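Heads up: the structure comes next, in structure tokens.
In the numbering used here, the protein residues as written are 4 to 347.
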């Protein structure tokens with residue numbers, strides 16, 4: 004059984020007696036916990052139906068004693084125990100002792116009226132441990148690691164369904180590419196987009212570009228796309244904004260060069276017959292970035308790309324050796340590209 008199946012069963016009310024959520028993606032662990040609370044606790048009964056513990060402070064035996072106690076004035080109860088590091092290979096620096104044999108006993112005869120959730124903010128459990136093998140056999144493990152691009156797209160679609168909004172395909176691809184690894188921030192941005200589109204509305208690419216908070220890398224990505232498509236006024240405006248934000252010009256040059264290298268790599272791999280997914284995996288970028296770079300590559304000949312990257316290498320050297328004032332060097336580079344664009 005896959006972890007995705009465990010999520011689906013849980014959201015449908017098909018609950019297991021015990022779950023172990025583990026991984027570095029804190030937001031996913033918290034999201035699983037929130038959804039599990041919604042499944043177990045009837046509206047207005049959360050204080051009675053949910054107990055929370057920290058295994059860095061509370062012995063496991065006390066957690067299990069609570070789990071074995073019948074719920075009070077509710078049909079079911081949920082016991083959450085955070086920081087269950089005794090399931091990993093890491094050294095537990097706390098002075099709290101945990102009786103894992105007691106957990107084995109609990110798993111053999113767990114209460115039907117209780118759901119036990121253990122959370123661990125680490126990427127791996129110690130599968131050599133007998134208790135971890137037991138939990139794995141019970142299909143109780145729920146990994147919450149960073150999402151792949153495909154998983155992130157599915158996660159975004161689910162969020163949009165809950166918010167009562169749909170998203171155009173190119174907008175979804177742009178959000179997934181810009182989302183990075185911070186799901187908490189991404190969830191907040193999706194709520195803003197849903198509010199802008201309105202109930203049953205549609206989120207467009209223009210909305211995404213207008214509202215989403217972007218990193219300097221994502222801004223450079225957009226600036227290069229403006230350069231490639233001869234939108235030089237927008238490219239200069241973006242450069243001006245980056246400099247106002249005190250971004251280091253040498254870093255900007257490096258990131259522009261990286262984007263052009265991606266275009267060159269995609270162009271070459273496309274010539275070799277690679278699919279966009281294969282190219283994304285080979286280069287180590289999001290499939291949306293490959294899709295955009297593929298279109299950009301059709302505009303440039305290999306020789307032109309090589310010339311631009313050589314100019315960037317020379318500009319980088321001139322900046323580092325003080326031969327040119329940094330902001331002026333960037334302006335001159337863009338002016339040169341603008342001039343060449345009008346003659347092609």
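We put the CB at the ideal spot given by N, CA and C, even for glycine. Predicted model, so just to flag it, every value in this text is computed and none were measured.
Query                                                                                                                                                            : Result
So what does residue 147 bridge to, in DSSP terms?                                                                                                               : DSSP lists no partner for residue 147.
Quick one: any contact between the region 292-299 and the region 261-269, if contact means 3 or more CB pairs under 8 Å?                                         : yes
Please list the segments of the alpha helix (DSSP H) lying wholly inside the region 10-75, counting only runs of 4 or more residues, in order along the chain.   : 29-43, 49-52, 63-71
Could you tell me the distance, in whole angstroms, from the CA atom of residue 78 to the CA atom of residue 55?                                                 : 18 Å
Can you tell me the Cβ-Cβ gap for residue 120 and residue 24, rounded? I've got them flagged as a contact below 8 Å.                                             : 7 Å
Nearest by alpha-carbon distance to residue 188: which of 171, 174, 202, 215 is it?                                                                              : 215
When we look at the beta-carbon of residue 75 and count the other beta-carbons within 10 Å, is it buried (16 or more) or exposed?                                : exposed
Once you ignore the five residues that flank residue 4 on each side, which residues in its own chain have a CB closer than 6 Å to its CB?                        : With a pLDDT of 47 at residue 4, under the threshold of 50, the modelled position of this residue cannot be trusted, and the question is left open.
Rounded to whole angstroms, how far is the Cβ of residue 289 from the Cβ of residue 179, which I believe are closer than 8 Å?                                    : 7 Å
Closer than 7 Å by C-beta to residue 81: which residues in its own chain qualify, once you throw out the five before and the five after it? Chain order, please. : 39, 40, 43, 44, 52, 53, 118, 120
Whose C-beta lies closer than 8 Å to the C-beta of residue 102 among residues of the same chain, with five residues either side of it excluded?                  : 62, 63, 64
In angstroms, rounded to a whole number, what distance separates the CA positions of residue 339 and residue 211?                                                : 30 Å
Where DSSP assigns a beta bridge to residue 119, which residues make up the other side?                                                                          : 21, 82
Assign residue 93 to one of two classes, buried (16 or more other C-beta atoms within 10 Å of its C-beta) or exposed (fewer than that).                          : exposed
Under the three-state reduction of DSSP, which class applies to residue 205: helix, strand or coil?                                                              : strand
Please classify residue 169: does DSSP put it in a helix, a strand, or coil?                                                                                     : strand
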